[in-house]
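*Asks:*
Numbering (mature numbering (1 follows the signal peptide of the UniProt record, and there is no 0)), first residue to last: -25 to -1, 1 to 307.
1) Who are the Cβ neighbours of residue 112 in its own chain at under 6 Å, not counting the five residues just before and after it?
2) Could you give the C-beta distance for residue 166 and residue 57, rounded to a whole number, given that I count them as a contact under 8 Å?
3) Quick one: Cα of residue 90 to Cα of residue 184, how far?
4) Starting from the C-beta of residue 259, find all residues in its chain whose C-beta is less than 6 Å away, skip the five residues before and the five after it, and write them out in chain order.
5) If we ignore side chains and look at the alpha-carbon of each, how far apart do residue 103 and residue 25 end up?
6) For residue 180 versus residue 200, is the C-beta distance shorter than 7 Å?
7) Does DSSP put residue 206 in a helix, in a strand, or in coil?
8) In whole angstroms, give me the CA-to-CA distance for residue 177 and residue 47.
9) When the Cα atoms are used, what is the spatial distance from residue 263 to residue 33?
10) When burial is assigned at 16 or more other CB atoms within 10 Å of the CB, is residue 13 buried or exposed?
11) Taking the runs of the alpha helix (DSSP H) that are 4 residues or longer, which of them lie wholly in the stretch 118 to 175?
12) Looking at the secondary structure, which residues open and close the alpha helix (DSSP H) in which residue 54 lies?
13) Quick one: grab the DSSP three-state call for residue 49.
14) Using the Cα positions of residue 157 and residue 256, report the straight-line distance between them to the nearest angstrom.
15) Would you call the CB atoms of residue 252 and residue 215 closer than 7 Å?
16) Quick one: grab the DSSP three-state call for residue 273.
17) Please classify residue 38: is it buried, with 16 or more other beta-carbons within 10 angstroms of its beta-carbon, or exposed?
18) Can you tell me the Cα-Cα spacing of residue 116 and residue 135, whole angstroms?
19) So residue 242 packs on residue 195, CB below 8 Å; how close in whole Å?
20) Let me confirm a value: residue 22 is counted as buried when at least 16 other C-beta atoms fall within 10 Å, else exposed. Which label applies?
21) From the DSSP output, in three-state form, read off residue 4 for me.
22) For residue 125, does the count of other Cβ atoms within 10 angstroms reach 16, so buried, or fall short, so exposed?
23) Locate the beta strand (DSSP E) running through residue 312, then write down its first and last residues.
24) Within the same chain, show all residues whose beta-carbon is closer than 6 Å to that of residue 107, passing over the 5 residues directly before and after it, in chain order.
25) In angstroms with no decimal places, state the Cα-to-Cα distance between residue 133 and residue 152.
26) Restricting to Cα atoms, I'd like to know which of 228, 247, 193, 61 is closest to residue 207.
27) Can you tell me whether residue 205 is buried or exposed? The criterion is at least 16 other CB atoms within 10 Å of its CB, across all chains shown.
28) Please check the pair residue 9 and residue 94, which I expect to be a contact at CB under 8 Å, by giving their CB distance rounded to whole angstroms.
29) For residue 184, report the span of its beta strand (DSSP E) as first-last.
30) Going straight from the alpha carbon of residue 15 to that of residue 162, what length do you get?
31) Below 7 Å between beta carbons: does that hold for residue 54 and residue 170?
Next comes the structure, spelled out in structure tokens:
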């Protein structure tokens, strides 16, 4: 069960990053809050994290001897004040989540291990408009959500009506949620975007082509794009006619590097007998005004392999010739 909960947290984190990757092309900024609580014997009772775009602001898991550490980019007067607000809010939410999983398990008369998840989200569009929402799930199934516009809870399934009624009966809690999702979340997002600008600086991708011959009938050429930020990137292989190729192309996922940048590999399989036809890996990224294009051709690739071989043979022959010459002079 503990392994499952760990995987759930990893999947949610990946989906959050993937969501930002899709929306960042339109310069949509977002703030995500995820909470997971468990009922039963699993040692991880509570997991929480807060992300601005693809940057983790706050991460907590129960059982840790220390509270989450304030990020370096928030370690100043205004940032520490915001950190205090975030910490108090998320600490309170641990109690809310623990209560939610306990009450729901009791309502269903469940005695085994169970999980309760909450996802709060707000986003800011380039035109200044915004939207917010919050949803809950029980054992991986949608359970309730909070309608910010109607200022009320919505039971997604009939079994969740009891929880909706319980939360709405607490008027103070209802006003807290309305205030946060109408304005508080967006205010946090704007401040975090301002304070995190130093870790969100654009970085130009480095592009390398690596070719190998896994089988006799084809050559694999990998376009390795790395060291870029933000995460949004577009990489494609182009043929001699400069049109995008789809056949014989395998694309990997955008993966994080250890320094906050990202990397991506896109592999092109070139059959033998293509002659001197050239191919290009084209990279489009917000850090450069124009595309980055690196070309590759089978003929040049083979030539690069042949030339070192000829050089080695020539060197060996030269050494032998010198050896024979010196031997003959010594004999004469």
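Each residue gets a CB set at the ideal place from its N, CA and C atoms; glycine is no exception.
*Replies:* Taking the coordinates as given:
1) 92, 118
2) 5 Å
3) 46 Å
4) Contacts found: 209, 266.
5) 22 Å
6) yes
7) coil
8) 19 Å
9) 31 Å
10) buried
11) 136 to 144, 146 to 154, 160 to 170
12) 52 to 82
13) helix
14) 45 Å
15) yes
16) Three-state DSSP puts residue 273 in a helix.
17) exposed
18) 11 Å
19) 6 Å
20) buried
21) strand
22) exposed
23) Absent from the model: residue 312. The displayed extent of the chain is -25 to 307, so no value can be given.
24) 97, 123, 156, 160
25) 22 Å
26) 228
27) Answer is buried; the Cβ neighbour count reaches 16.
28) 6 Å
29) Per DSSP, residue 184 belongs to the beta strand (DSSP E) from 181 to 190.
30) 37 Å
31) yes
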